[in-house]
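Colleague:
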Amino acid sequence: MNRAVLPRHHDSPTYPLGVAFQVVGGNRLSGTVRVPGAKNSILKLMAAALLAQGPTTLTEVPDILDVTIMAELLRRLGCEVVQDREAGTVVIDVPAAPGHQADYDLVRQMRASICVLGPLVARVGQADVALPGGDAIGSRGLDMHVNGLTRLGAEVSSEHGFLIAKAGQLHGASIWLDFPSVGATENLLMAAVLAKGTTVIDNAAREPEIIDICTMLVEMGATIDGIGSSTLEIEGVESLTPVTHRTVPDRIVAGTWAVAAVMTQGDITIDQGNSRHLEIALDKLVSSGAMVELLPEGFRVSMDRRPKAVDIVTLPYPGFATDLQPQFIALNAIGEGAAMVTENLFEARFRFVNELTRLGADVHTDGHHALVRGRPRLSGAPVEATDVRAGAGLVLAGLVAEGTTTVHEVHHIDRGYAGFVESLQGLGAQISRVD
Ligand code: EPU
Numbered sequence: 000m001n002r003a004v005l006p007r008h009h010d011s012p013t014y015p016l017g018v019a020f021q022v023v024g025g026n027r028l029s030g031t032v033r034v035p036g037a038k039n040s041i042l043k044l045m046a047a048a049l050l051a052q053g054p055t056t057l058t059e060v061p062d063i064l065d066v067t068i069m070a071e072l073l074r075r076l077g078c079e080v081v082q083d084r085e086a087g088t089v090v091i092d093v094p095a096a097p098g099h100q101a102d103y104d105l106v107r108q109m110r111a112s113i114c115v116l117g118p119l120v121a122r123v124g125q126a127d128v129a130l131p132g133g134d135a136i137g138s139r140g141l142d143m144h145v146n147g148l149t150r151l152g153a154e155v156s157s158e159h160g161f162l163i164a165k166a167g168q169l170h171g172a173s174i175w176l177d178f179p180s181v182g183a184t185e186n187l188l189m190a191a192v193l194a195k196g197t198t199v200i201d202n203a204a205r206e207p208e209i210i211d212i213c214t215m216l217v218e219m220g221a222t223i224d225g226i227g228s229s230t231l232e233i234e235g236v237e238s239l240t241p242v243t244h245r246t247v248p249d250r251i252v253a254g255t256w257a258v259a260a261v262m263t264q265g266d267i268t269i270d271q272g273n274s275r276h277l278e279i280a281l282d283k284l285v286s287s288g289a290m291v292e293l294l295p296e297g298f299r300v301s302m303d304r305r306p307k308a309v310d311i312v313t314l315p316y317p318g319f320a321t322d323l324q325p326q327f328i329a330l331n332a333i334g335e336g337a338a339m340v341t342e343n344l345f346e347a348r349f350r351f352v353n354e355l356t357r358l359g360a361d362v363h364t365d366g367h368h369a370l371v372r373g374r375p376r377l378s379g380a381p382v383e384a385t386d387v388r389a390g391a392g393l394v395l396a397g398l399v400a401e402g403t404t405t406v407h408e409v410h411h412i413d414r415g416y417a418g419f420v421e422s423l424q425g426l427g428a429q430i431s432r433v434d
C-alpha cells in the first residue's frame with residue numbers, strides 16, 4: 000500500500016514542477032480510461048470537513064497537486080491529514096479548536112483555498128484568508144462571498160493582504176447572488192449550515208459539485224432543501240458529525256477524454272464518466288459527427304471521420320462548462336468549417352489561443368468571442384500551458400498535430416488531471432514527461 004503522509008512544508012513538492020509534456024501527433028486513441036473524483040468537488044469537501052470535529056474520510060480522491068496544497072492548508076489549521084494515493088482516500092482529522100489563518104504562500108498557489116472562509120467563520124468564529132490576487136484566467140472577484148457572509152452576520156474586512164471574517168454566532172439570512180457563482184454558493188452554504196435559523200440562497204449555482212457538497216453536508220447532519228435547484232434553503236444546526244463520503248466523478252476530465260476520442264478519430268470508453276453531467280458537451284460532440292453510447296458505468300465516444308466545427312457558448316451549469324472551452328477550441332481548430340466560441344465566465348480564458356496558433360490553428364478573438372476556422376492539419380511546436388484547461392487543450396491539439404509538440408508549464412495540468420500522461424499512454428498516445 001502506498002500510504003503517503005503529505006509533506007509538511009510546501010518546499011517538499013511531490014510533483015516535478017517546471018517539466019514539459021512531449022507529444023508526437025498522429026495516433027488514434029482507443030481503450031478505456033477511468034475517471035477519478037472531481038478536482039472542483041474534492042477541494043470543497045476537504046474544506047467542509049472543518050465543520051465537524053473528528054476524522055472525515057473522503058474516497059475517489061484524485062491524485063493531483065491541488066489536493067496536496069489543500070491538505071497542507073488544513074494541516075496548518077491543526078488538522079491531521081493522511082492521503083492514501085493508491086486507494087484514492089484522504090482522512091482529515093479535525094481538532095476541537097482549529098486555527099483560522101490561511102497564508103498567502105498556499106492561497107497564491109491555489110485560489111480555491113478561499114473555500115475555507117465559510118467553514119472557518121462558522122466553526123471557529125474567525126477566518127483570515129490571504130487574498131488570492133490576480134489569476135491567469137481573469138480577475139475573479141469575491142464580492143458575493145463577502146456580501147453573503149455579511150448578510151449572515153459576519154464582519155468582513157481586508158487588512159495586510161488578508162480577508163478577515165469574524166462572527167460570534169452567524170444567523171440565517173436571505174441572500175440573492177448577482178450571478179450563480181460556484182465558490183460563493185459553496186462558502187455561503189458551508190457557513191449557513193451552522194448559522195442560527197434559516198438561510199435562503201437564491202440564484203445559487205447548480206453544478207454537480209454543489210450537489211456533491213450538499214450531499215456530504217446532509218450526511219453530516221445538515222438540513223438543506225432544494226439541492227440541485229437555484230434556491231437552497233438551509234436550516235442551521237448546532238453541530239455536524241464527520242462522515243465517509245465518495246467524491247462525484249470529474250465531469251471535466253471525462254469531457255476531456257471524450258474530446259480526445261473525437262479529435263483523434265478514436266474510440267474511448269470513459270469508465271465512471273457521468274453522461275448526465277455532460278449533456279450539452281456530448282450533444283455538441285454528436286453534432287460534430289461522433290457516436291456516443293451510454294453504458295451502465297460510464298459512456299463510450301467514437302469517431303470515424305474529421306469532426307465538424309461546433310459553436311459553443313459557456314454558461315453556468317447546466318450550460319456548457321467554461322472548463323471544457325479550450326478543449327473544444329482545439330477540436331474546432333481541426334474541424335470542418337468554422338465555429339464561434341463565446342466565453343461568458345472568464346475573460347482571460349482565450350489567452351491560450353496565442354499558443355494554439357503556434358500549432359497552426361486559425362483562431363480570431365474579439366472580446367469574449369473566438370472565431371475558429373478549422374484546418375485539416377496542425378503542426379507540432381513548443382507551447383506553454385497558461386492554466387489547467389488550456390494545458391489540456393494544447394495537449395489535445397498536439398495529439399493530432401504533425402510532428403512533436405512540447406507543452407511547457409505542465410504543473411498547471413498536474414493541478415487538475417491525475418495521471419494525465421499515463422492515461423493518454425494507456426489509450427495509445429505517444430506522450431511523455433520530459434525535463
Ligand atoms: N465572481 C465575482 N464575484 C464573486 C464570485 C465570482 O465576480 O464574488 C465572478 C468571477 O470573477 C467569474 C465568475 O463570477 O467571472 C464565475 O466565478 P465562480 O465563482 O462561479 O467560479 P469559481 O468558484 O471561482 C469554479 C471552478 C472553476 C470553474 C468555475 C465555473 C473551483 C476550484 N473552480 O471557480 O474551475 O471554471 O467554478 O464553473 O471549483 C478549473 O477547474 O479549471 C476552474 C477554473
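Numbered as in numbering that gives the first Met the number 0, the sequence shown ends at 434 without a single skipped number. The beta-carbon is built from N, C-alpha and C at its ideal position, and this holds for glycine as well. Nothing here was measured: the structure is a model prediction, and the numbers come from that model.
Just list the residues that DSSP pairs W175 with in beta bridges.
Modeller: Along the sequence shown, one-based indexing puts residue 175 at 176. In the DSSP output, where bridge partners are listed per residue, W175 has D201.
Colleague: Could you pull the DSSP bridge partners for T222 from this structure?
Modeller: As a working mapping, residue 222 is identified with position 223 in the sequence shown. Partner(s): E234.
Colleague: In angstroms, rounded to a whole number, what distance separates the CA positions of G425 and F298?
Modeller: Locating residue 425 in the sequence shown gives position 426, counting from the first residue. Locating residue 298 in the sequence shown gives position 299, counting from the first residue. Taking the straight line joining both Cα atoms gives about 17 Å.
Colleague: To the nearest angstrom, how far is it from the Cα of A129 to the Cα of T198?
Modeller: Indexing the sequence shown from 1 puts residue 129 at position 130. Indexing the sequence shown from 1 puts residue 198 at position 199. Their backbone Cα atoms lie some 27 Å apart in a straight line.
Colleague: If you draw a straight line from the C-alpha of Q324 to the C-alpha of E342, how long is it?
Modeller: Taking the sequence shown and counting its residues from 1, the one referred to as residue 324 is at position 325. Taking the sequence shown and counting its residues from 1, the one referred to as residue 342 is at position 343. Roughly 8 Å between the two C-alpha positions.
Colleague: Using the C-alpha atoms, what's the distance from E237 back to G390?
Modeller: Walking along the sequence shown from the start, residue 390 turns up at place 391. Walking along the sequence shown from the start, residue 237 turns up at place 238. For G390 and E237, the distance between alpha carbons rounds to 44 Å.
Colleague: Say the cut is 7 Å; is the CB of N39 nearer than that to a heavy atom of the ligand EPU?
Modeller: Against the sequence shown, residue 39 aligns to sequence position 40. Yes, the beta carbon of N39 sits closer than 7 Å to at least one heavy atom of the ligand EPU.
Colleague: Looking at C-alpha atoms only, which residue of L105, V60 and G227 is the closest neighbour of E71?
Modeller: Here the question's residue 71 lines up with position 72 in the sequence shown. If we check each option's Cα against that of E71, L105 comes out closest.
Colleague: Which whole runs of the beta strand (DSSP E) in the region 363–400 are 3 residues long or more, in chain order?
Modeller: Complete beta strand (DSSP E) runs here, min 3: 368–372 and 381–383.
Colleague: Going by DSSP, what residues sit across from D127 in a beta bridge?
Modeller: The count along the sequence shown starts at 1 and reaches residue 127 at position 128. According to DSSP, D127 bridges with Q100 and I163.
Colleague: G53 and G77 - do their beta-carbons sit closer together than 8 Å?
Modeller: Your numbering for residue 77 matches position 78 in the sequence shown. Your numbering for residue 53 matches position 54 in the sequence shown. The answer is no: Cβ separation not under 8 Å.
Colleague: Quick one: what does DSSP say E408 is sitting in, helix, strand or coil?
Modeller: Residue numbering aside, residue 408 sits at position 409 when the sequence shown is read from its first letter. Reduced to three states, the DSSP call for E408 is coil.
Colleague: Who are the Cβ neighbours of P315 in its own chain at under 7 Å, not counting the five residues just before and after it?
Modeller: To locate residue 315, count along the sequence shown from 1; it is residue 316. Answer for P315: P179 and A204, listed in chain order.
Colleague: Using three-state DSSP, classify M339 as helix, strand or coil.
Modeller: Within the sequence shown, numbered from 1, the residue matching residue 339 stands at position 340. Looking at M339 - three-state DSSP - the assignment turns out to be strand.
Colleague: Rounding to the nearest angstrom, what Cα-Cα distance links M0 and T88 in this structure?
Modeller: For the purposes of this step, residue 0 is taken as the residue at position 1 of the sequence shown. For the purposes of this step, residue 88 is taken as the residue at position 89 of the sequence shown. Reliability of the predicted coordinates at M0 is poor, the pLDDT of 33 falling under 50, and the value obtained from them is presented with this limitation in mind. When rounded, the distance between both Cα atoms is 12 Å.
Colleague: Taking only three categories from DSSP, how would you classify M143?
Modeller: For this step, residue 143 is matched to residue 144 along the sequence shown. Reduced to three states, the DSSP call for M143 is helix.
Colleague: Helix, strand or coil: which one does DSSP assign to D65?
Modeller: The residue labelled residue 65 in the question sits at position 66 within the sequence shown. D65: helix per DSSP, three-state reduction.
Colleague: Tell whether a beta-carbon distance below 8 Å holds between V22 and V394.
Modeller: Working through the sequence shown from its first residue, we reach residue 22 at position 23. Working through the sequence shown from its first residue, we reach residue 394 at position 395. In contact: V22 and V394 (Cβ atoms closer than 8 Å).
Colleague: Say whether the region 52–69 touches the region 28–41, bearing in mind that this needs 3 or more beta-carbon pairs closer than 8 Å, one atom from each stretch.
Modeller: As far as the Cβ criterion goes, the region 52–69 touches the region 28–41, which means the pair count is three or higher.
Colleague: Three or more C-beta pairs under 8 Å: does that hold for the region 403–414 against the region 263–272?
Modeller: In short, these stretches do not touch, since the Cβ pair count stays below three.
Colleague: D249 by DSSP, collapsed to three states: which one?
Modeller: Here residue 249 refers to the residue found at position 250 when the sequence shown is read from its first residue. Note: D249 maps to coil in three-state DSSP.
Colleague: Could you tell me the alpha carbon to alpha carbon distance between N353 and T364, rounded to whole angstroms?
Modeller: Counting from one through the sequence shown, the residue named residue 353 turns up at place 354. Counting from one through the sequence shown, the residue named residue 364 turns up at place 365. For N353 and T364, the distance between alpha carbons rounds to 10 Å.
Colleague: Please confirm whether A190 and G254 have their CB atoms less than 8 Å apart.
Modeller: For this step, residue 190 is matched to residue 191 along the sequence shown. For this step, residue 254 is matched to residue 255 along the sequence shown. The answer is no: Cβ separation not under 8 Å.
Colleague: Quick test of your reading: H411 and D386, contact by CB under 8 Å. State the CB separation rounded to the nearest angstrom.
Modeller: Taking the sequence shown and counting its residues from 1, one reaches residue 411 at position 412. Taking the sequence shown and counting its residues from 1, one reaches residue 386 at position 387. 5 Å between Cβ atoms; contact.
Colleague: Going by other Cβ atoms of all chains shown within 10 Å of its Cβ, with 16 needed for buried, is E208 buried or exposed?
Modeller: On the sequence shown, position 209 is the one that residue 208 refers to. E208 is buried by the Cβ-count criterion.
Colleague: Taking the alpha-carbon of E185 as reference, which of C114, G220 and V93 has the nearest alpha-carbon?
Modeller: As a first step, residue 185 must be located in the sequence shown, where it is residue number 186. Out of C114, G220 and V93, C114 has the C-alpha closest to the C-alpha of E185.
Colleague: Straight-line CA distance for M109 to D102?
Modeller: On the sequence shown, residue 109 is found 110 positions in, with the first residue counted as 1. On the sequence shown, residue 102 is found 103 positions in, with the first residue counted as 1. Cα to Cα, M109 sits roughly 11 Å from D102.
Colleague: Do G265 and R27 have their CB atoms nearer than 8 Å?
Modeller: Residue numbering aside, residue 265 sits at position 266 when the sequence shown is read from its first letter. Residue numbering aside, residue 27 sits at position 28 when the sequence shown is read from its first letter. Yes, Cβ-Cβ distance for G265 and R27 is below 8 Å.
Colleague: Are there any heavy atoms of the ligand EPU lying less than 7 Å away from the beta-carbon of D322, as far as the coordinates show?
Modeller: For the purposes of this step, residue 322 is taken as residue 323 along the sequence shown, with counting starting at 1. It does: the Cβ of D322 is within 7 Å (strictly closer) of some heavy atom of the ligand EPU.
Colleague: Is V387 near the ligand EPU - that is, is its Cβ less than 7 Å away from at least one heavy atom of it?
Modeller: The residue labelled residue 387 in the question sits at position 388 within the sequence shown. Answer for V387: yes, Cβ within range of the ligand EPU.
Colleague: Label H368 either buried or exposed according to how many other C-beta atoms from any shown protein chain fall within 10 Å of its C-beta, with 16 as the threshold for buried.
Modeller: Counting from one through the sequence shown, the residue named residue 368 turns up at place 369. Classification of H368: exposed, given that the 10 Å Cβ count is below 16.
Colleague: Does the distance between the C-beta of H144 and the nearest non-hydrogen atom of the ligand EPU fall short of 7 Å?
Modeller: Counting from one through the sequence shown, the residue named residue 144 turns up at place 145. Yes, the Cβ of H144 comes within 7 Å of a heavy atom of the ligand EPU.
Colleague: So which of R350, A126, P61 and G334 has the shortest CA-CA distance to R305?
Modeller: Numbered from its first residue, the sequence shown carries residue 305 at position 306. Answer by Cα proximity: G334.
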